[in-house]
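The block underneath contains the structure these notes are about, expressed in structure tokens.
Structure, rendered in structure tokens:
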């Protein structure tokens with residue numbers, strides 16, 4: 001079943017067409033890599049899907065429902081969650097508090113119960129903290145729950161951002177350049193965890209510059225260039241396509 | 001347990017008890033003259049809690065004076081029993097004063113809800129400008145409809161007389177009334193801050209894009225903070241009106257809205273209760289004293305004070321003990337590595 005359908009998405013900024021009639025159908029459980037040169041429209045596409053921008057034309061269908069006019073938080077409540085390159089919410093709060101915040105978005109008790117601190121709410125809070133600790137354990141943060149988020153290394157902040165996003169029980173996760181600016185062991189760890197998230201049943205779209213990462217974990221590779229989809233298919237095949245190589249290496253300019 | 005834990009426990013348990021005990025002792029040991037300084041200070045305390053709550057959701061309100069004004073007029077109209085021939089709103093409700101004050105808060109809260117719902121989606125500077133304009137709007141309406149609001153002369157607000165207690169000849173009953181409201185407001189804002197709501201408030205302030213994309217409805221939490229703050233500003237305005245016995249269009253306005261933010265800045269906004277309360281307790285009596293000594297002294301001294309605080313004490317007066325403790329205690333920083 002298709003979890004996300006984009007129908008003819010266009011986004012214009014004045015005369016500039018950042019996206020020009022993009023169609024995309026993402027099946028449930030898929031891990032899709034989305035790439036393209038700088039300015040190709042990757043992030044704009046993310047912004048349209050998550051609700052940060054309203055598209056100039058086209059429709060965003062999530063789980064069979066047209067969400068084009070919905071606010072980001074309404075989409076997130078349905079399970080469509082995006083991350084930002086810097087996804088640390090509270091730099092001045094502990095690692096645990098960051099994840100507890102995200103987990104508490106799912107809480108069932110209303111604001112009055114929270115304000116009056118009813119027994120039901122206290123029990124729920126306990127469950128939320130327990131769940132947050134489990135998530136932190138999964139992401140390898142055991143033992144550093146009380147460290148301030150801003151004191152974490154760059155790579156660890158990236159992982160914390162993913163932990164925060166995954167704490168909201170997303171169905172579709174849009175991950176924006178999770179390994180940009182980090183390398184080596186840290187990158188491998190982040191990539192491995194994204195694969196694990198997919199195995200938990202979360203559909204993932206990954207914006208990534210680093211083609212190797214996409215080849216390593218994605219089942220599908222979509223390439224954008226000048227706001228148009230220029231390739232879509234199995235990662236290895238897409239990476240070998242002439243127009244993709246051209247877009248990346250810029251032979252067009254060289255050949256002219 | 002480490003020292004940080006003990007220190008924070010001392011703060012949350014001992015400080016309120018000591019403060020309350022001090023407030024009660026002053027009422028009996030001190031003179032009425034001291035109480036004339038403390039009653040306004042407590043009333044401002046009620047207002048600054050609200051302003052800080054709004055500030056901690058990442059918004060900047062210049063409209064708290066308007067909500068105080070709404071509360072003051074509402075309570076005066078609802079409770080007065082003096083029939084004025086020129087004023088159609090006089091002596092038609094004749095409610096008990098305490099009920100009037102409560103309703104004044106509710107009315108101010110409803111206004112805050114409407115203004116908030118209409119403008120808080122804008123956020124930032126636009127919200128700030130709208131609240132500023134709202135301040136002026138209320139004043140213009142108060143002056144412009146003398147049949148309702150008594151024009152520039154204002155309207156009388158009766159002394160409270162609940163359960164036969166005499167509020168007119170002694171300051172003590174009024175002092176305790178404001179103290180009770182202050183404590184109630186402190187508990188409400190403290191609960192707001194400590195509950196899940198406070199967590200969401202901080203999320204909106206810390207990173208609104210991320211919070212929204214993770215699933216938080218920003219406007220809901222901004223409106224909650226603004227409405228609760230509006231309610232308490234209304235109650236505070238009503239208290240002030242009954243305390244002064246008269247409500248005039250110049251009672252609250254932009255200068256008062258700015259004084260509220262000066263109190264919060266000087267006290268410090270990193271805490272929801274202690275910082276703003278300390279600011280109000282210092283600046284309200286200081287302002288009253290300065291005004292009694294020479295006209296114009298209050299804005300002059302307050303202006304200089306804000307500049308000094310902005311330069312040397314960004315987190316306000318209440319950050320002083322912590323910075324002092326940190327001087328003597330070497331902070332044990334844990335290693336930043338979080339890898340497994």
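Residue numbers (the numbering used here), protein chains in the order written: chain L, 1 to 256; chain W, 1 to 340.
Note that CB positions come from ideal geometry on N, CA and C, so glycine has one too.
Short of 6 Å in beta carbon distance, which residues of its chain neighbour residue i, apart from the five on each side in sequence? Order them along the chain.
i, result
"residue 164/W", "none"
"residue 285/W", "37 and 41"
"residue 131/L", "103"
"residue 146/W", "none"
"residue 12/L", "56"
"residue 160/W", "97, 167 and 242"
"residue 89/W", "77 and 148"
"residue 131/W", "61, 62 and 63"
"residue 139/W", "249 and 253"
Report the neighbours of residue i on chain W: residues whose CB is nearer than 7 Å to its CB, in chain order.
i, result
"residue 82/L", "213"
"residue 165/L", "214"
"residue 90/L", "202 and 206"
"residue 104/L", "196 and 199"
"residue 107/L", "196"
List the residues of chain L that residue i touches, going by C-beta distances under 9 Å, in chain order.
i, result
"residue 197/W", "111, 114 and 115"
"residue 341/W", "Since the first residue of chain W shown is 1 and the last is 340, residue 341/W is not available in this structure."
So is the beta-carbon of residue i under 7 Å away from any non-hydrogen atom of the ligand ZN?
i, result
"residue 244/W", "Within the structure as shown, the ligand ZN is missing, as the structure has no ligands at all."
Mind listing the chain W neighbours of residue i? Cutoff is C-beta to C-beta under 8 Å, in chain order.
i, result
"residue 13/L", "Those within 8 Å of residue 13/L in chain W number zero; the least Cβ separation is about 18 Å."
"residue 77/L", "215"
In the DSSP assignment, what are the bridge partners of residue i?
i, result
"residue 205/L", "32/L and 174/L"
"residue 136/L", "Partner(s): none; residue 136/L has no beta bridge."
"residue 271/L", "For chain L, the structure presents residues 1 to 256; residue 271/L sits outside this window and is missing."
"residue 10/L", "57/L"
"residue 147/L", "Note: residue 147/L sits in no beta bridge, so no partner."
"residue 16/L", "13/L"
"residue 246/W", "156/W"
"residue 209/W", "In the DSSP output, where bridge partners are listed per residue, residue 209/W has none listed."
"residue 81/L", "173/L"
"residue 38/L", "Answer by DSSP bridge pairing: none, since residue 38/L is not bridged."
"residue 94/L", "148/L"
"residue 66/L", "61/L"
Kindly indicate if chain C contains any beta-carbon less than 8 Å away from that of residue i.
i, result
"residue 161/W", "The structure shown contains no chain C; its protein chains are L and W."
Got a sec? Which residues, its chain only, sit under 8 Å from residue i by beta carbon, not counting five neighbours each side?
i, result
"residue 255/L", "Note that residue 255/L scores 37 on pLDDT, short of 50, meaning its location in the model is unreliable; the coordinates nonetheless yield the value given after this. No residues qualify anywhere along the chain."
"residue 241/W", "71, 72, 73, 75, 76, 157, 247 and 251"
"residue 106/W", "231 and 234"
"residue 116/W", "222, 223, 226, 227 and 230"
CB-CB under 7 Å to residue i, same chain, minus the five flanking residues each way: which ones, in chain order?
i, result
"residue 336/W", "With a pLDDT of only 46 at residue 336/W, under the threshold of 50, the placement of this residue in the model should not be trusted; the figure read from the coordinates follows. Counting only Cβ-Cβ distances below 7 Å, and skipping sequence neighbours, we find nothing."
"residue 233/W", "47, 50, 64, 67, 68, 71 and 108"
"residue 185/W", "46, 49 and 232"
"residue 58/W", "204, 205 and 208"
"residue 347/W", "Since the first and last residues shown for chain W are 1 and 340, residue 347/W lies out of range."
"residue 191/L", "179, 213, 216 and 217"
"residue 151/W", "143"
"residue 2/L", "25, 26 and 27"
"residue 34/W", "26"
Can you pull the chain L neighbours of residue i, defined as C-beta to C-beta under 7 Å?
i, result
"residue 344/W", "Outside the displayed span of chain W (1 to 340) sits residue 344/W, for which this structure offers no information."
Kindly list, in the order they appear in chain W, the residues whose Cβ is closer than 9 Å to that of residue i.
i, result
"residue 168/L", "214 and 215"
- Item | Length-filtered (4 minimum) alpha helix (DSSP H) runs lying within the segment 8-71 of chain W | 15-29 and 32-56
- Taking one C-beta from the segment 68-79 of chain L and one from the segment 236-250 of chain L each time, how about it: are there three or more such pairs within less than 8 Å? no
- Quick one: which unbroken alpha helix (DSSP H) runs of 4-plus residues sit fully inside the segment 195-248 of chain L? Chain order, please. 211-217 and 235-240
- Message: Any contact between the segment 182-190 of chain W and the segment 270-287 of chain W? By contact I mean 3 or more CB pairs, one from each, below 8 Å.
- Response: yes
- Message: Just to confirm the assignment: which complete alpha helix (DSSP H) runs, minimum length 4, are found wholly within the segment 121-197 of chain W?
- Response: 124-144, 146-149 and 172-194
- Item | Length at least 4, wholly inside the segment 98-142 of chain L: the alpha helix (DSSP H) runs in chain order | 111-116 and 119-138
- Spell out a yes or no on whether the segment 309-321 of chain W and the segment 252-267 of chain W are touching, meaning 3 or more CB-CB pairs, one atom from each, closer than 8 Å. yes
- Query: Does the pairing of the segment 254-265 of chain W with the segment 91-106 of chain W give three or more beta-carbon distances under 8 Å?
  - Reply: no
- Query: Quick one: any contact between the segment 206-226 of chain L and the segment 31-38 of chain L, if contact means 3 or more CB pairs under 8 Å?
  - Reply: yes
- Item | the segment 191-209 of chain W in contact with the segment 218-228 of chain W per 3-pair CB rule at 8 Å | yes
- Message: My parser needs the alpha helix (DSSP H) runs of 4 or more residues fully inside the segment 273-327 of chain W; what are they?
- Response: 274-293 and 297-312
- Query: Is the segment 164-171 of chain L touching the segment 99-119 of chain L, taking contact as three or more C-beta pairs under 8 Å?
  - Reply: yes
- Message: If contact is defined by three or more beta carbon pairs under 8 Å, each pair taking one atom from either stretch, is the segment 131-146 of chain L in contact with the segment 155-167 of chain L?
- Response: yes
- Item | Inter-stretch contact at 8 Å, needing at least 3 Cβ pairs: the segment 42-51 of chain L / the segment 4-22 of chain L | yes
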